[in-house]
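A.B. asks: One structure, as structure tokens, below. Some questions next.
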Amino acid sequence: MEPEHYPAPAPTVSLNPSALRTNSFLSPPRPYSFGPFFLAKLRSPLYLKYCNLVATPDGVLIHESYPNRGATFGKWPFTYLPGIESTDEGYIYSPGPAVDVPDDVLIVAHSSASVFGHFVMDSLSVAISLRRQIVQRGLKIALFQPQQWMLDLLRFAGIPQTSIITLSERIVRFRSAIITSALAAQTTYTPGSLAVETFDHLRRRTFLRARVPPLKLFLRRGGATARMSNESEVADLFAEAGYAVLSPHKMSIPTQMAIASGAVAVAASYGSGHALSGFMSAGATVIELLPSDAEDNWFIRLAARRHLNHRIVVVERSANVDVQSLKTQLEGLL
Numbered sequence: 155m156e157p158e159h160y161p162a163p164a165p166t167v168s169l170n171p172s173a174l175r176t177n178s179f180l181s182p183p184r185p186y187s188f189g190p191f192f193l194a195k196l197r198s199p200l201y202l203k204y205c206n207l208v209a210t211p212d213g214v215l216i217h218e219s220y221p222n223r224g225a226t227f228g229k230w231p232f233t234y235l236p237g238i239e240s241t242d243e244g245y246i247y248s249p250g251p252a253v254d255v256p257d258d259v260l261i262v263a264h265s266s267a268s269v270f271g272h273f274v275m276d277s278l279s280v281a282i283s284l285r286r287q288i289v290q291r292g293l294k295i296a297l298f299q300p301q302q303w304m305l306d307l308l309r310f311a312g313i314p315q316t317s318i319i320t321l322s323e324r325i326v327r328f329r330s331a332i333i334t335s336a337l338a339a340q341t342t343y344t345p346g347s348l349a350v351e352t353f354d355h356l357r358r359r360t361f362l363r364a365r366v367p368p369l370k371l372f373l374r375r376g377g378a379t380a381r382m383s384n385e386s387e388v389a390d391l392f393a394e395a396g397y398a399v400l401s402p403h404k405m406s407i408p409t410q411m412a413i414a415s416g417a418v419a420v421a422a423s424y425g426s427g428h429a430l431s432g433f434m435s436a437g438a439t440v441i442e443l444l445p446s447d448a449e450d451n452w453f454i455r456l457a458a459r460r461h462l463n464h465r466i467v468v469v470e471r472s473a474n475v476d477v478q479s480l481k482t483q484l485e486g487l488l
């Protein structure tokens, strides 16, 4: 079934943004907890890349896991004045007739939403935590041109397809909206709480019945997004050590989950599929090739919460990784 498009039926509940700041029903069951909300006032419709033109007379709730994030709200694109173009950032005001959306909406609205890890750690985590409002109270989820795997994940999480709205490049005026940020489920402030709940929820609902042989995996990022220009050479190094080299972005979501659930070891470069490690069993090994000038706090804490054997191998940030040096560093780990 295709996601719903507007016009849509009238909402079944009215979510007042100011009231949402204090309503206890937003909090998932303990020990999981949300970070704070803060209210942002929007005086004009503004175009947000990867989302849409957003306006509401009351303001927009930003779900944020970092404390005091509201103090830096001036850096957000919503504060751009109409008519100003910023080609570097990609935010462009587009005048025209507005489409009124009567429903209360959770908007997936950051530039990395189309990346599996970011979607699972942020958007899906928030959607699962708000599932009661979605299923019982009429809250909708709005995605900008969603890919099929996103819809599959939402379905696996128990989100009805009729609750999903597809946004396009048009001016939309929302009565009220909760907007996820790129950091909504990051573990710096709430150590893996939403993310761990998300992985547990998906494990219960989907692939635990799958049976795959234990595997050691090297995950390729591939193509223009590869962290290393000689990724193939690094992959060959792991293949020689008995690792299966996979490109998970070419697989279906159920297949990715099933393979990860049976893996005893996973290796990948920084930001190249480590979100799949959340589906691994406790005690499994995760090797992360991490640039010397980078931090990966969200995954460090997630790995700790999942009781994974997380090993960081520091590499210099360069287009080509010294494979021989890497081989020496990996001795005893492979």
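In terms of my numbering, the sequence shown opens at residue 155 and continues consecutively.
Beta carbons: idealized from backbone N, C-alpha and C, even for Gly.
(1) Who are the near neighbours of I466 in its chain, counting only those whose CB is closer than 6 Å to its CB and skipping five residues on each side?
(2) Less than 8 Å separating the beta-carbons of L430 and V418?
(3) Provide the residue span of the alpha helix (DSSP H) that contains I441, from first to last.
(4) In terms of alpha-carbon separation, which member of T352, F453 and G416 lies closest to S426?
(5) Grab me the residues of Q287's own chain with a C-beta within less than 6 Å of its C-beta, minus the 5 sequence neighbours each way, in chain order.
(6) Looking at N463: is its Cβ nearer than 8 Å to the Cβ of V440?
(7) For L480, which residues in the same chain have their Cβ closer than 8 Å to its Cβ, ignoring the five residues on either side in sequence?
(8) According to DSSP, what are the bridge partners of R465?
(9) Evaluate R184 with the Cβ neighbour count: other Cβ atoms within 10 Å of its Cβ, from every protein chain shown; 16 or more gives buried, anything less gives exposed.
(10) Pop quiz: F310 and L356 are said to be a contact at Cβ under 8 Å. What is the actual Cβ separation, rounded to whole angstroms?
(11) For P256, name the three-state secondary structure that DSSP assigns.
(12) What is the DSSP secondary structure of L297, reduced to helix, strand or coil?
(13) Sort out for me which residues DSSP pairs A417 with in a bridge.
C.D. replies: In terms of the structure at hand:
(1) Residue 466 sits at position 312 when you count from the first residue of the sequence shown. So the qualifying residues of the chain are E442 and L444.
(2) Residue 430 sits at position 276 when you count from the first residue of the sequence shown. Residue 418 sits at position 264 when you count from the first residue of the sequence shown. Not a contact, by the Cβ cut-off of 8 Å.
(3) Reading the sequence shown from its first residue, position 287 is the one you call residue 441. Run containing I441: none in the alpha helix (DSSP H); it sits in the beta strand (DSSP E), T439 to P445.
(4) Taking the first residue of the sequence shown as 1, we reach residue 426 at position 272. If we check each option's Cα against that of S426, F453 comes out closest.
(5) Position 133 of the sequence shown, counted from the start, is the residue given in the question as residue 287. Counting only Cβ-Cβ distances below 6 Å, and skipping sequence neighbours, we find L293.
(6) One-based indexing of the sequence shown puts residue 463 at position 309. One-based indexing of the sequence shown puts residue 440 at position 286. Contact flag set, yes.
(7) Taking the sequence shown and counting its residues from 1, the one referred to as residue 480 is at position 326. Cβ neighbours of L480 beyond the five flanking positions: V388, L391, L443, V467 and V469.
(8) By 1-based counting over the sequence shown, the position of residue 465 is 311. In DSSP, R465 forms a bridge with I441.
(9) Taking the sequence shown and counting its residues from 1, one reaches residue 184 at position 30. Summary for R184: the model assigns pLDDT 29, below 50, so the residue's position carries little reliability, and this model does not support an answer.
(10) For the purposes of this step, residue 310 is taken as residue 156 along the sequence shown, with counting starting at 1. For the purposes of this step, residue 356 is taken as residue 202 along the sequence shown, with counting starting at 1. Right, the Cβ-Cβ distance comes to about 6 Å (below 8 Å), so this counts as a contact.
(11) Position 102 of the sequence shown, counted from the first residue, corresponds to residue 256. Looking at P256 - three-state DSSP - the assignment turns out to be strand.
(12) Within the sequence shown, residue 297 is the residue found at index 143, counting from 1. Correct three-state label for L297: strand.
(13) Here residue 417 is taken as the residue at index 263 of the sequence shown, counted from 1. Paired residues: L369.
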